[in-house]
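Engineer: Let me give you the structure first, and then I'll get to my questions.
Number of protein chains: 6
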Amino acid sequence: MIKDKKVLVVSAHAADYVWRSGGTIAKYIKHGADVHVVVLSFGIRGESAAQWKKEGATYESVRENRLEETTKAAEILGIKNIEFWDLPDYPMAPYLTEEIRDRLIRKIRTVRPDIILTHDRNGKDILNPDHNAVAEFVFECSIQANSRGVITEGLATTKQMRLFGFEPHQTELSQFVPGELIDITEVYEQKVQAMQCFQAQHHLIQYYTERANLRGNHLRRISGNQSYKYGESFSNFFPVAGEELV
Amino acid sequence: MIKDKKVLVVSAHAADYVWRSGGTIAKYIKHGADVHVVVLSFGIRGESAAQWKKEGATYESVRENRLEETTKAAEILGIKNIEFWDLPDYPMAPYLTEEIRDRLIRKIRTVRPDIILTHDRNGKDILNPDHNAVAEFVFECSIQANSRGVITEGLATTKQMRLFGFEPHQTELSQFVPGELIDITEVYEQKVQAMQCFQAQHHLIQYYTERANLRGNHLRRISGNQSYKYGESFSNFFPVAGEELV
Amino acid sequence: MIKDKKVLVVSAHAADYVWRSGGTIAKYIKHGADVHVVVLSFGIRGESAAQWKKEGATYESVRENRLEETTKAAEILGIKNIEFWDLPDYPMAPYLTEEIRDRLIRKIRTVRPDIILTHDRNGKDILNPDHNAVAEFVFECSIQANSRGVITEGLATTKQMRLFGFEPHQTELSQFVPGELIDITEVYEQKVQAMQCFQAQHHLIQYYTERANLRGNHLRRISGNQSYKYGESFSNFFPVAGEELV
Amino acid sequence: MIKDKKVLVVSAHAADYVWRSGGTIAKYIKHGADVHVVVLSFGIRGESAAQWKKEGATYESVRENRLEETTKAAEILGIKNIEFWDLPDYPMAPYLTEEIRDRLIRKIRTVRPDIILTHDRNGKDILNPDHNAVAEFVFECSIQANSRGVITEGLATTKQMRLFGFEPHQTELSQFVPGELIDITEVYEQKVQAMQCFQAQHHLIQYYTERANLRGNHLRRISGNQSYKYGESFSNFFPVAGEELV
Amino acid sequence: MIKDKKVLVVSAHAADYVWRSGGTIAKYIKHGADVHVVVLSFGIRGESAAQWKKEGATYESVRENRLEETTKAAEILGIKNIEFWDLPDYPMAPYLTEEIRDRLIRKIRTVRPDIILTHDRNGKDILNPDHNAVAEFVFECSIQANSRGVITEGLATTKQMRLFGFEPHQTELSQFVPGELIDITEVYEQKVQAMQCFQAQHHLIQYYTERANLRGNHLRRISGNQSYKYGESFSNFFPVAGEELV
Amino acid sequence: MIKDKKVLVVSAHAADYVWRSGGTIAKYIKHGADVHVVVLSFGIRGESAAQWKKEGATYESVRENRLEETTKAAEILGIKNIEFWDLPDYPMAPYLTEEIRDRLIRKIRTVRPDIILTHDRNGKDILNPDHNAVAEFVFECSIQANSRGVITEGLATTKQMRLFGFEPHQTELSQFVPGELIDITEVYEQKVQAMQCFQAQHHLIQYYTERANLRGNHLRRISGNQSYKYGESFSNFFPVAGEELV
């Protein structure tokens, strides 16, 4: 049941969690799940081309702008718990230090998620090295959070949770394969509105709007359920493990 | 819910469905599912080495023996609906004719399964060409059964069902990857008993008994649920497509 | 130069060449290329679900309908040379006989194409076994057409041509990887109109319209050329082989 | 020890066994192994382009020519047991009938090989569909020969032998990966002479001469043994299975 | 011949070398090989869950316990040369510094192994990032040890040795493919006893005991040698390169 | 047109750009392209075995020697712009610092290449970890150079350029797949002469001379153009994206 689930979303840049999982987040929140989002960086260097085109743009002005946009989008999706860790990006890998590792392990042990959503680790993003670095880093932290010998005062070891990977921008070239397709029909309008907070990236708004149709088409084709109009897809880090075939 | 499910199992040889899915079948039947099994061949040529070692063995005597064994095993698993199509094997491909195709499409449209279990199509069995031929054939028939223009008098088109692939004997060399791990703890004893009907293949009884432990270990590790003792695994022909992440 | 090229398109069913390569075909014809299309089947059994829903549909009425639609679409794309071989489909493999092989080899040697467009052979269509069978068959015929010892009275051996594979419907699950992305902006309206000839498959019209946007996005991203609005993508059967890096 | 080995080589066309395994064959024979070669076809249609360029060439004249060449090459390699099954080629698949299957199973059970050399089954030849068909066929026959229930009067079941795959012409595009690299330095001259029997394919003589150097380079690099000058490589159908790491 | 071989085993954590290669180590020692083991860490943080459950466990107490267990296991296997480098783990990557690299290169040049056994580099461990980091690190050090320009006073450059990869815990999900299967029947009891030194991980004792059966089954099936009862498997970093097919 | 192209070549060691792309470089320069080469290291530790065999070799003497050789080779190829960054190698990864990243981004933004040639990123070099590290690093820098928010005073953001990967030494084992084959017939002699500057590596001169033949054979086979005698091959980091099929 969605309502009993705790979800932790770890997003490399300011808007990744919206384009790639905004529908699923909104749906989980709507049905009562406890959703937490960590935005590792504002994507100031790598994902703010439009902002930098503005006359007189500075790191500070771009940061302000991205913070404003993503805060508004998060609100529209119903997200109450969101943190901005404000790491540098492009590249992000050198800033995923042992200190940040400790911080993410603590975050995982605080939220105690049933589900972690982050960038895809099965493939390799053909255009965005930060996404690959974050996927690997979050995976490692999840394994370490589950290990009793990794000690964080006052925070207990977690149990193995499930991890799912976001769709990258160019799926086939990034070896992304959908493991789970999720119907987001009931929250589709919310996702569209949330995406519209990022007006500077208007081509992405169209792109991810159409992608919701495309995954909706796949959902209907694979499930036989004609009521699914819009969808999102995720890779599985692990196989389904449970009591019946799904 | 398991109890509402209709399941069609298509097994290349007389014992495949037992070694590879006996636990899942028993569990589904126990919980009220409607399970149908089609055994395409008795495996007289390819999977009856022990029977052929008996003095004076003939095709007829081996067929009798395999029929007896598998009937007993099916009973132990609780299977009420089982058909033996008695095709030649080793190789089976030349006997998967258009007539047999029509027969299997009709079977699918009669049973109208939510789930089809058969041999793995994602990988390639390193030791058993019949398994590869059957996987491809069942997949094709399922697609055709779902197509309105493939007409079978008196039998309506089916909707897209889910297909899952059996574990081959040598998984890694056959590129088998578990997509779903199913707990079979509550019916484990039944599966062991069913396997014991095939005394001539005693080394396989040990093999698949230990494999149930191995998959149980994986189930516990991946789900965090310590009550899972024994398991079976299947590949997914399609991604999970539904209302929430599983 | 496009205008000097001879192109042979081999389409499994009545509309495949339109959804998957209609823009490229229209562009090549517009610029003076000599384009020939072979439609192997009308897709009566497998790709005419909507037509079969009509009261009193028969094989004949569905055939008429598909012929009419595809003829109109071909006209809109500017295709002057199109043949309908009217093979059965779903499954098509049993009808790709040695006689049909001979016919296709002769067709290749008559057209003498620089380029063959057909279904993808690098991956495996997850939902359409006919596409896989046709990809392999066309590939084989092209190799045989190029072989001097395969004798067809009055028709000379061809030279190695280039082969490209269509996008399947569910790309990632079918292991399709774009090898070449082609800008179709200038003929986009023609493709849309041609697709609208297949009103019974209206969901596919939307699907492939949006896919043209998606590939247009990828084209811009990868080429840096912002004038590319719409695109189509193809897999390469062979590497690029020539005088400079492209 | 090489001298105790029985080897069966199954070659799709008249010269494949020479280009791809001539050195290994010569070496095994030199050291006392019992080597048998089956040449399934003369490659009249697919591998005799040069012969067909001759004025007035006919199927008969090409066959004569190929038979003469390959007989001479076999002699140079020291092969005493060679059979020409004279199947049609390009395509060969339709002629790999159940009758030919029975014949090959009997051949395997007569020779009782420790090693079978044939075309690669791990990858997929990018240019030669016959090679793929033969690889699969030989693999299937080997499995069936090992099965007690596949009865051939007067010929006992074989035990699991080892299978190795030839290098295709374009290795990387055909997904060929060397599993074993064999030093052929001591018989290199013999292989060169045997290749020179196929003067019509002079470009292949150079090609496979240089490939022997290339594999020699790899042999030295991987083994550290500087006395290896020339080599051949093969894919493994199965892992190494024995008493120590090799 | 095993007796002439020098072997270096590099184990990420305290027990990896036992679970994954204990039989092969014992066999090589029994037959006179010179075996050296480097244990990079005690696995205090990542592989000591059971120890941490004990009342009042500390890093020191866990280290003591792991050292004691593994020393006893090493003794049972007959290992005379074992070093504990006591690196932190979970994660280990940040501690595989240039200093440790230099130390491992010196170790390799001191031992001068014919064979290095370590974690698998062909696949990617789905549950243990340390294993992946160690596999890559040992591979790099082996390449560097073989390079004349990497200077270590008083220690000569090594020649290319062979590298083999351990089985990970979840083989298929970690893309592990057995390259060599080694019979360990004669030392199986020793391996079981050695594993029993790790009583805290009793579920792993069963797991790797059964895995020895499973690999024994594969060994018999692939080699045809019925005397092989128990086995271990390894991936090959390089192809077999030598004088005959194995 | 080649003459309008700007090309940046990034070579891990002193001779990589010659063995792997010397023909393409010479051809591009001959036809008027603007070619810049960055040699990251002299390969003193990893690629100078022969130099280290000389009596009394020191880091300084080896550096001198490699500089002299590569300068001469560059001259023969017609290269006017070449820089030696003199990083340590074996391993190089620890020296690909944020400072070097900044330097390479500036270099890219200064040259503003249409094409970057560097080591292959699609596969994984089986024998040379430096090549893998450089491939990843150059790819990352290219992405970052194209990003407006990565600010380098006085140097404008670049547009997406094309990236191509060098052939590694052992292609199949390194998962290298040719994406583009380039005819170098007209500059072949120049490449051979350039390679001869590295007399200490005479076995590589033969190796890459023969490889040019091998790729020439592939070029003829795939293009049908018989005038192509010698070739080089490269992997594509991205699909072809343009106005027509190539």
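For the protein sequence lines, the chains are A, B, C, D, E and F, in the order given.
Everything in the first sequence is counted per my numbering, starting at 1 for the first residue and increasing by one.
Everything in the second sequence is counted per my numbering, starting at 247 for the first residue and increasing by one.
Everything in the third sequence is counted per my numbering, starting at 493 for the first residue and increasing by one.
Everything in the fourth sequence is counted per my numbering, starting at 739 for the first residue and increasing by one.
Everything in the fifth sequence is counted per my numbering, starting at 985 for the first residue and increasing by one.
Everything in the sixth sequence is counted per my numbering, starting at 1231 for the first residue and increasing by one.
Don't be surprised by glycine CBs; every beta carbon is placed ideally from N, CA and C.
Residues of chain A with CB closer than 8 Å to the CB of E:Tyr1191, please, in chain order.
Structural biologist: The residue labelled residue 1191 of chain E in the question sits at position 207 within the fifth sequence. Simply none; closest approach about 16 Å.
Engineer: At which residues does the beta strand (DSSP E) containing F:Ala1471 begin and terminate?
Structural biologist: Along the sixth sequence, one-based indexing puts residue 1471 of chain F at 241. Annotation for F:Ala1471: the continuous beta strand (DSSP E) segment containing it runs Val1470 to Gly1472.
Engineer: Assign E:Gly1006 to one of three DSSP states: helix, strand, or coil.
Structural biologist: Along the fifth sequence, read from residue 1 onward, the residue named residue 1006 of chain E stands at position 22. DSSP places E:Gly1006 in helix when its eight states are reduced to three.
Engineer: Beta carbon of F:Gln1400, beta carbon of F:Ile1306: below 7 Å?
Structural biologist: Residue mapping note: residue 1400 of chain F aligns to position 170 of the sixth sequence, counting from 1. Residue mapping note: residue 1306 of chain F aligns to position 76 of the sixth sequence, counting from 1. Result no, Cβ atoms of F:Gln1400 and F:Ile1306 do not sit closer than 7 Å.
Engineer: Could you tell me which chain A residues have their CB closer than 8 Å to the CB of E:Ala1033, listed as they occur along the chain?
Structural biologist: As a first step, residue 1033 of chain E must be located in the fifth sequence, where it is residue number 49. Under the 8 Å cutoff, chain A gives Ser147, Arg148 and Gly149.
Engineer: Would you verify that the beta carbon of B:Glu386 is, or is not, closer than 7 Å to some beta carbon of chain C?
Structural biologist: Residue mapping note: residue 386 of chain B aligns to position 140 of the second sequence, counting from 1. A Cβ of chain C is located within less than 7 Å of the beta carbon of B:Glu386.
Engineer: Looking at the strands, I want to know which residues DSSP matches up with B:Ile362.
Structural biologist: Taking the second sequence and counting its residues from 1, the one referred to as residue 362 of chain B is at position 116. DSSP output for B:Ile362 lists B:Leu254 and B:Leu409 as bridge partner(s).
Engineer: List the residues of chain C that B:Pro359 touches, going by C-beta distances under 7 Å, in chain order.
Structural biologist: The count along the second sequence starts at 1 and reaches residue 359 of chain B at position 113. Those within 7 Å of B:Pro359 in chain C number zero; the least Cβ separation is about 18 Å.
Engineer: At what residues does the beta strand (DSSP E) containing F:Asp1355 begin and finish?
Structural biologist: For the purposes of this step, residue 1355 of chain F is taken as the residue at position 125 of the sixth sequence. Neither: F:Asp1355 is in no beta strand (DSSP E) and is coded neither H nor E.
Engineer: Cα-Cα, which of C:Lys495, C:Asp496, C:Ala507 and C:Val499 is closest to C:His694?
Structural biologist: To locate residue 694 of chain C, count along the third sequence from 1; it is residue 202. Closest by alpha carbon: C:Ala507.
Engineer: For B:Asp335 and B:Ala379, I'd like the C-alpha separation in whole angstroms.
Structural biologist: By one-based count along the second sequence, residue 335 of chain B stands at place 89. By one-based count along the second sequence, residue 379 of chain B stands at place 133. Roughly 11 Å between the two C-alpha positions.
Engineer: Check B:His282 in the structure and name its three-state DSSP category.
Structural biologist: Along the second sequence, read from residue 1 onward, the residue named residue 282 of chain B stands at position 36. Looking at B:His282 - three-state DSSP - the assignment turns out to be strand.
Engineer: Looking at chain D, which residues of the stretch 323 to 350 of chain B have a Cβ within less than 7 Å of any of its Cβ atoms?
Structural biologist: Going along the stretch 323 to 350 of chain B in chain order, one finds Tyr336, Pro337 and Pro340 with a Cβ nearer than 7 Å to chain D.
Engineer: Using beta carbons (cut-off 7 Å, strictly below), is D:Pro867 in contact with chain C?
Structural biologist: Your numbering for residue 867 of chain D matches position 129 in the fourth sequence. At least one chain C Cβ lies under 7 Å of D:Pro867.
Engineer: Going along chain A, which residues have a C-beta under 9 Å from E:Val1046?
Structural biologist: Working through the fifth sequence from its first residue, we reach residue 1046 of chain E at position 62. The contacting residues are Gly149.
Engineer: I need the DSSP call for A:Leu155, collapsed to helix, strand or coil.
Structural biologist: On the first sequence, residue 155 of chain A is found 155 positions in, with the first residue counted as 1. A:Leu155 falls in the strand class under three-state DSSP.
Engineer: Would you verify that the beta carbon of C:Gln636 is, or is not, closer than 7 Å to some beta carbon of chain D?
Structural biologist: The count along the third sequence starts at 1 and reaches residue 636 of chain C at position 144. Closer than 7 Å to some Cβ of chain D, the Cβ of C:Gln636 qualifies, so yes.
Engineer: By Cβ distance, which residues of its chain are closer than 6 Å to F:Arg1378, with the 5 residues on each side in sequence left out?
Structural biologist: The residue you call residue 1378 of chain F lines up with position 148 of the sixth sequence. Within the same chain, F:Arg1378 has close Cβ partners Thr1387.
Engineer: Going by C-alpha to C-alpha distance, which of D:Ile920, D:Asp852, D:Gly917 and D:Ala812 sits closest to D:Lys741?
Structural biologist: As a first step, residue 741 of chain D must be located in the fourth sequence, where it is residue number 3. The shortest C-alpha separation from D:Lys741 is found at D:Asp852.
Engineer: Go to D:Asn819, then tell me how far its beta strand (DSSP E) extends in each direction, as first and last residue.
Structural biologist: Here residue 819 of chain D refers to the residue found at position 81 of the fourth sequence. Following the DSSP letters along the chain, one finds D:Asn819 inside the beta strand (DSSP E) bounded by residues Asn819 to Leu825.
Engineer: Between C:Ser533 and chain F, is the shortest Cβ-Cβ distance under 7 Å, so that the two count as touching?
Structural biologist: Position 41 of the third sequence, counted from the first residue, corresponds to residue 533 of chain C. Output row for C:Ser533: interface = no.
Engineer: Pull up the CB-CB distance for F:Ile1452 and F:Leu1393, whole angstroms please, since I reckon it's below 8 Å.
Structural biologist: Counted from its first residue, the sixth sequence places residue 1452 of chain F at position 222. Counted from its first residue, the sixth sequence places residue 1393 of chain F at position 163. Contact between F:Ile1452 and F:Leu1393 is ruled out by a C-beta separation of about 22 Å, above the 8 Å threshold.
Engineer: Judging by CA-CA distance, which residue of E:Val1122, E:Phe1182 and E:Tyr1212 is the nearest neighbour of E:Thr1081?
Structural biologist: On the fifth sequence, position 97 is the one that residue 1081 of chain E refers to. Closest by alpha carbon: E:Val1122.
Engineer: Buried or exposed: where does A:Ser227 fall if 16 or more other Cβ atoms within 10 Å of its Cβ makes it buried?
Structural biologist: Taking the first residue of the first sequence as 1, we reach residue 227 of chain A at position 227. It counts as exposed.
Engineer: What residues in the stretch 167 to 198 of chain A have a beta carbon less than 8 Å from any beta carbon of chain F?
Structural biologist: Leu173
Engineer: If you follow the beta strand (DSSP E) that A:Asn146 is in, where does it begin and where does it stop?
Structural biologist: Translated into the one-based positions of the first sequence, residue 146 of chain A becomes position 146. Neither: A:Asn146 is in no beta strand (DSSP E) and is coded neither H nor E.
Engineer: If the criterion is Cβ atoms closer than 7 Å, does the pair B:Phe288 and B:Arg312 meet it?
Structural biologist: Here residue 288 of chain B refers to the residue found at position 42 when the second sequence is read from its first residue. Here residue 312 of chain B refers to the residue found at position 66 when the second sequence is read from its first residue. Yes, the Cβ-Cβ distance between B:Phe288 and B:Arg312 is below 7 Å.
Engineer: Taking the Cβ atom as the reference point for each residue, do B:Phe412 and B:Asp366 lie within a distance shorter than 7 Å?
Structural biologist: As a first step, residue 412 of chain B must be located in the second sequence, where it is residue number 166. As a first step, residue 366 of chain B must be located in the second sequence, where it is residue number 120. Contact flag set, yes.
Engineer: Going along chain B in order, which residues have a C-beta closer than 7 Å to the C-beta of C:Arg613?
Structural biologist: Working through the third sequence from its first residue, we reach residue 613 of chain C at position 121. The contacting residues do not exist; C:Arg613 stays about 16 Å from chain B at best.
Engineer: I want to verify the contact list: residues of chain C whose CB lies under 7 Å from the CB of F:Ile1212, in sequence order.
Structural biologist: Nothing about residue 1212 of chain F can be read from this structure; chain F reaches only from 1231 to 1476.
Engineer: Under the DSSP definition of a beta bridge, which residues are partnered with E:Asp1167?
Structural biologist: Reading the fifth sequence from its first residue, position 183 is the one you call residue 1167 of chain E. Answer by DSSP bridge pairing, in chain order: E:Gly1215.
Engineer: Alpha helix (DSSP H) containing E:Ser1045: first to last residue?
Structural biologist: Along the fifth sequence, one-based indexing puts residue 1045 of chain E at 61. That run of the alpha helix (DSSP H) goes Tyr1043 to Leu1061.
Engineer: How would you label C:Pro586, buried or exposed, when you count the other beta carbons within 10 angstroms and need 16 or more for buried?
Structural biologist: On the third sequence, residue 586 of chain C is found 94 positions in, with the first residue counted as 1. Its Cβ having fewer than 16 others within 10 Å, C:Pro586 is exposed.
Engineer: Which residues bound the alpha helix (DSSP H) around D:Met933?
Structural biologist: Your numbering for residue 933 of chain D matches position 195 in the fourth sequence. Where D:Met933 is concerned, the enclosing alpha helix (DSSP H) stretches over Tyr926 to Met933.
Engineer: Measure how close the beta-carbons of C:Lys651 and F:Gly1454 come, nearest whole angstrom, since I'm counting them as under 8 Å.
Structural biologist: The residue you call residue 651 of chain C lines up with position 159 of the third sequence. The residue you call residue 1454 of chain F lines up with position 224 of the sixth sequence. Confirmed, Cβ separation roughly 4 Å.
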